[in-house]
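> Submitted below is the structure of interest, expressed as structure tokens.
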Amino acid sequence: MIRSWLLALTLITACVGTETGNPYDGEGALGARPPMGIVPQPTYREAGVVLGELALFGGPDCDRVRPMAQGPLRYDLLVEGGDPIFLQLWEGTWCGVRVTLAPEVDEPVLGVAGELTDGTALLVRLDGPITFDLAARPTFDLSEGDGVHLVLDLQALFAGTDLASAPRVGGRVVIDRATDPARTEAVEGALPTAFRLVRDADGDGTISAGELEGDPLAGG
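Below, the structure is given as structure tokens:
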């Protein structure tokens, strides 16, 4: 059984295999990883995501898709611990994970609130649906008993977006399609590199520093 648990600040999930593999049940969870590095980062007060679907894709041409979980599944990424995602997983060799962020009601599929280093309030709202692939390099294997985590790196999510020079709206920096479409597009475009799938190498259900620093199975 795959088990992935929520950490304070990092997204977590799981991936699948070939068409002929044996299915087994697993668990996954969402969380968020604290930004790393020397670049000044915002202070995050709220961060949430709504998963519409997780699917694995594989096969000789990487064109066979197997759904793992159906949403909407809502997660507060800044809360340590959380309800697991129950997944249908498959043994085999896989090309990657397809992530769809999609709401059931009028809500952002990814929302972040906090303050920039100068104290200016920050509000980021991505509306869905948004679908993107986390591609493997070139494939990865999954066997029953393996564990994986899907990590969201907030520093990578905003790496290509100049938040400090963004126009203020009511004293706040607001990043959404209506207010600042260019920066919103940049954040959306960073999703496939901000998310990455890593193996739970020690099988303890938690993400260690070594697992974060290693080469990802997909994405990143």
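Residues in the sequence shown are numbered consecutively from 1220, following my numbering. Each residue gets a CB set at the ideal place from its N, CA and C atoms; glycine is no exception.
1. Rounded to whole angstroms, what is the Cα-Cα separation between V1269 and D1421?
2. In the DSSP output, what is Q1289 paired with across the bridge?
3. Consult DSSP for E1334 and reduce its assignment to one of helix, strand or coil.
4. Measure the CB-CB distance between L1416 and V1316 and report whether it falls below 8 Å.
5. State the Cα-Cα distance for the pair A1443 and D1372, rounded to the nearest angstrom.
6. Please classify P1400: does DSSP put it in a helix, a strand, or coil?
7. Give me, in chain order, the residues of the same chain whose beta-carbon lies closer than 7 Å to that of R1396; leave out the 5 immediate sequence neighbours on both sides.
8. State yes or no: is the C-beta of A1274 within less than 8 Å of the C-beta of R1283?
9. Which value, in whole angstroms, describes the spacing of the CA atoms of L1296 and A1288?
10. Kindly indicate which three-state DSSP category L1416 falls into: helix, strand or coil?
11. Report, in whole angstroms, the separation of the C-beta atoms of T1339 and R1264, which I expect to be a contact under 8 Å.
12. Note down the Cα distance separating L1342 from L1369, rounded to an integer number of angstroms.
In short:
1. 28 Å
2. E1272
3. strand
4. yes
5. An answer regarding residue 1443 cannot be provided, because it is not within the stretch 1220 to 1439 covered by the chain.
6. helix
7. D1346 and T1403
8. no
9. 18 Å
10. strand
11. No, T1339 and R1264 are not in contact; Cβ-Cβ is about 13 Å, not under 8 Å.
12. 24 Å
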